[in-house]
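Numbering (our numbering), first residue to last: 8 to 254. Here a beta-carbon is modelled for each residue, glycine too, at the ideal position from N, C-alpha and C. Since the structure comes first, as structure tokens, the remarks are kept for the end.
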């Protein structure tokens with residue numbers, strides 16, 4: 008999706024393909040499940056076979072991303088179950104007014120509210136992913152995010168295990184560092200902008216990333232200006248802190 012103002016407003020987003028609305032959870036709500044669970048669930052729901060090895064992509068060329076995702080969820084493999092549970096928790100954040108279940112026979116995610124059923128399935132999964140990516144800034148080339156990409160690694164490991172029929176128990180996060188992207192951004196903005204942490208906890212992920220990026224640009228500009236006024240020469244030009252950061 009490309010409605011930056013809607014994302015920045017924090018309002019719910021229409022998922023018309025499924026006749027649903029997607030809630031943009033605030034950081035305080037995400038804190039209930041923790042950052043590692045949150046990012047793992049996001050990356051798993053953002054599954055793409057394009058991230059798999061060439062061999063796996065050939066073997067799965069007749070399968071859609073959603074079909075592979077559901078196959079992984081069906082697996083009894085420990086890593087697969089871990090990813091499924093993380094994904095369900097993220098879905099609960101996105102659809103807090105709905106009850107969730109998995110229909111493995113029909114291969115769809117079922118959401119119920121007021122006696123009505125709605126579905127995320129093969130027909131609308133890519134549209135859902137587009138919203139997910141925008142809401143949680145999964146397409147941002149942040150150093151913090153790119154250094155921790157559990158979803159792609161999980162997809163590769165799970166696909167290999169499913170293909171080879173192995174069920175070796177392994178920990179997906181065994182060699183990863185603690186994930187504290189949101190926590191650190193909030194802490195930095197609270198001090199750097201003299202803001203109350205509790206107010207920042209009311210931000211959505213999109214709002215937090217937006218403000219942090221703008222803060223970095225403004226800080227670089229201020230440092231550059233002070234150095235220039237102090238007589239420093241041969242300084243590299245900095246970007247305009249008021250530039251469009253959502254091209």
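Look at the alpha carbon of residue i and the alpha carbon of residue j, and state the distance between them as a whole number of angstroms.
i	j	result
residue 117	residue 108	5 Å
residue 33	residue 215	9 Å
residue 67	residue 123	34 Å
residue 229	residue 217	18 Å
residue 130	residue 201	46 Å
residue 196	residue 59	36 Å
residue 239	residue 92	54 Å
residue 253	residue 138	16 Å
residue 18	residue 84	37 Å
residue 168	residue 82	The pLDDT assigned to residue 168 is 43, lower than 50, so where the model puts this residue is not dependable; a value taken from the coordinates is nonetheless given after this. Whole-angstrom Cα-Cα distance: 10 Å.
residue 71	residue 103	27 Å
residue 112	residue 88	17 Å
residue 244	residue 20	38 Å
residue 222	residue 250	12 Å
residue 77	residue 236	60 Å
residue 199	residue 206	14 Å
residue 125	residue 65	32 Å
residue 56	residue 16	32 Å
With distance defined between alpha-carbon atoms, name the residue in the options nearest to residue i.
i	options	result
residue 45	144, 85 and 115	144
residue 39	208, 254 and 223	208
residue 147	242, 24, 43 and 220	220
residue 241	231, 253, 248 and 99	231
residue 140	247, 239, 233 and 50	50
residue 256	246, 235 and 237	Not covered by the structure: residue 256. The range shown for the chain is 8 to 254.
residue 36	80, 190 and 57	190
residue 22	127, 213 and 250	127
residue 9	223, 213 and 235	213
residue 136	110, 73, 115 and 125	73
Less than 8 Å between the beta carbons of residue i and residue j, yes or no?
i	j	result
residue 186	residue 193	no
residue 142	residue 14	yes
residue 86	residue 54	no
residue 188	residue 42	yes
residue 248	residue 233	no
residue 79	residue 90	yes
According to DSSP, is residue i part of a helix, a strand, or is it coil?
i	result
residue 83	coil
residue 39	coil
residue 105	coil
residue 252	coil
residue 193	helix
residue 132	helix
residue 125	strand
residue 186	coil
residue 21	strand
residue 44	helix
residue 217	helix
residue 226	helix
residue 179	Because residue 179 carries a pLDDT of 40, less than 50, the predicted location of this residue cannot be relied on, and the following value inherits that uncertainty. Residue 179: coil per DSSP, three-state reduction.
residue 11	helix
residue 58	helix
residue 209	coil
residue 27	strand
residue 203	coil
List the whole-angstrom C-beta distance separating residue i from residue j, where the pair is believed to meet the contact cut-off of C-beta under 8 Å.
i	j	result
residue 26	residue 211	Going by Cβ atoms, the distance from residue 26 to residue 211 rounds to 23 Å, so no, they are not a contact pair.
residue 105	residue 120	5 Å
residue 24	residue 134	4 Å
residue 101	residue 29	5 Å
residue 96	residue 48	6 Å
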